Amino acid sequence: MTENFQGLTSAQIDAAELLRKNRNNEVLKYTVAAYDRLSTAIFITGFLGPIFGSVLNPALLSNYAGIGKALIVCGLLQALMISCGLHLYGKNKLRDGWQ
């Protein structure tokens with residue numbers, strides 16, 4: 624996208640630049656909010672969901688042997704790490720801006 628700034632005053636160019644920066648800031652905030660919503664969804668469904676499910680219905684875990692329970696714990700930790708990673712990525716992206 625090429626912009627033609629010929630014939631514009633300095634004030635008009637500054638206003639256009641300010642408008643572009645504001646637009647980029649809003650897009651950045653929207654993108655970071657989407658990362659944060661995704662991290663929250665993964666945390667709820669992948670970490671808290673199975674924990675609450677096993678607390679409310681202990682019979683769910685009684686069908687699994689030791690290795691099955693270990694795999695469930697690994698899945699919980701994986702969901703927790705992905706959720707934290709997405710949250711921290713969004714936080715860093717918001718701090719650093721578009722680079």
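If you read the sequence shown in the working numbering, its first letter stands for residue 624, the second for the next number, and so on.
Glycine included, each C-beta is placed from N, C-alpha and C at the ideal position.
Since we're looking at a predicted model, the values are computed, not measured.
For residue 663, the enclosing alpha helix (DSSP H) starts and ends at 633-665. When secondary structure is reduced to three states using DSSP, residue 672 falls in the helix class. Note that the segment 701-708 touches the segment 664-679; at least 3 beta-carbon pairs, one per stretch, sit closer than 8 Å.
Burial is judged here by how many other beta carbons sit within 10 angstroms of a residue's own beta carbon; residue 698 has fewer than 16 and is exposed. Cα atoms of residue 650 and residue 712: separation of roughly 16 Å, rounded to the nearest angstrom.
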